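Residue numbers (this note's numbering), protein chains in the order written: chain A, 1 to 122; chain B, 1001 to 1122. All residues carry an ideal CB built from backbone N, CA and C; glycine is no exception. Computed from a predicted structure; not experimentally measured.
There are 2 protein chains.
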Amino acid sequence: MRIGELSHRVGVSRDAIRLYERRGLIQSQEGDAETNNYRIYPEDAVLTLELIRDAQAAGVTLADLSILIGQLAAVDGDDFDGDAFLAGKISEVEARITQSQRFLETLKTTRQALEDAPKDAS
Amino acid sequence: MRIGELSHRVGVSRDAIRLYERRGLIQSQEGDAETNNYRIYPEDAVLTLELIRDAQAAGVTLADLSILIGQLAAVDGDDFDGDAFLAGKISEVEARITQSQRFLETLKTTRQALEDAPKDAS
DNA sequence: GCAAACCATGGACCAAAGTCAATGGTTCAG
DNA sequence: CTGAACCATTGACTTTGGTCCATGGTTTGC
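Structural data, given as structure tokens:
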């Protein structure tokens, strides 16, 4: 599919998609005379973009993500000795989730407190 | 306490602390002749900095955080009608945790797959 | 009394992740 | 055949969250 459709389906801007591609996170067939010089993205680019979105929510940078995506793809390919990297990221993401949950509790407690003390309670 | 001790106790750089203060996230007594022109930070700045750390892990910006910290502080003070803001942030953080957990699963699955397929399995 | 270790302020600089604008090519509707 | 709607590439610009540097004032150890 072309970039417009991809962008529309995933809800990611064309510019962001192009950025990810330059950073090696997704691939596309380069356009030739046939396709009007328009790049063609494979169906699974949709999944990759969704993965990127989740990863970013988890605080992973694009640079790290490009390494990780390599590992995801290499799952049954080369022997890849980068398992330490993967383990490291898992720890980081777990830590971030813990912190996020702690913060979430604070927010909820606050909301509760605000509700219990209706406005104008002086 | 002075900024050096605070920085050391929480593990946040002095520069970052000063930045947070300029953004209104923490307060300090301005230094006078008495204190050698050194700012004095209250004990609870430690807690605030830890809160900031968690909030950032949860993907909350400093700008939003300064609003939220206002609410936390106002819990039993003014009537504050910004509850919608708080509710919005709660949703955002929940969404981000969900995404992070999804991504974490992907990472763990990958690790497992790499383990199951020991290197050199061609 | 002088270097080392603190502190303050201000401004320059940086990386990450995008967005925006300029320029130029294609195609389709009316 | 013209404008609207796509597409590509390049480079400038923006926001966030810092760090680094320069300059200058205190105070404590030796």
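With a threshold of 9 angstroms between beta carbons, residue 93 of chain A makes contact with chain B. Any Cβ of chain B closer than 9 angstroms to the Cβ of residue 26 of chain A would place that residue at the interface, and such an atom is absent. In this structure, residue 101 of chain A and residue 1069 of chain B do not form a Cβ contact; the two beta carbons are roughly 19 angstroms apart against a cut-off of 8 angstroms. Contact between the stretch 1033-1042 of chain B and the stretch 1051-1067 of chain B is not established, with fewer than three Cβ pairs separated by less than 8 angstroms. Short of 8 angstroms from the beta carbon of residue 93 of chain A, and not among the five residues preceding or following it, lie these beta carbons of its own chain, in chain order: 58, 59 and 60.
Contact between residue 1090 of chain B and residue 107 of chain A holds, since their C-beta atoms are separated by about 5 angstroms, short of 8 angstroms. The straight-line gap separating the alpha-carbon atoms of residue 1067 of chain B and residue 1023 of chain B is approximately 10 angstroms. Cα atoms of residue 18 of chain A and residue 71 of chain A: separation of roughly 22 angstroms, rounded to the nearest angstrom.
Taking C-beta separations shorter than 8 angstroms and ignoring five residues to either side along the sequence, the partners of residue 1002 of chain B in its chain run 1038, 1039, 1040 and 1041, following chain order. Pairing residue 1025 of chain B with residue 1065 of chain B gives a Cβ-Cβ distance under 9 angstroms. At a beta-carbon threshold of 8 angstroms, the residues of chain A lying near residue 1097 of chain B are 97, 100, 101 and 104, ordered along the chain. Neighbourhood of residue 1057 of chain B in chain A, by CB distance below 9 angstroms: 59, 95, 96, 97, 98, 99, 100, 102 and 103, in chain order. For residue 1063 of chain B, the closest C-alpha among the options B:1021, B:1014, B:1013 and B:1012 is that of B:1021. Not a single CB atom of chain A sits nearer than 9 angstroms to the CB of residue 1002 of chain B. Secondary structure at residue 56 of chain A: helix, using DSSP grouped into helix, strand and coil. Its Cα nearest to that of residue 1105 of chain B, the residue A:55 stands out among A:9, A:47, A:12 and A:55.
Minimum Cα-Cα distance from residue 8 of chain A among the listed residues A:88, A:45 and A:27 corresponds to A:45.
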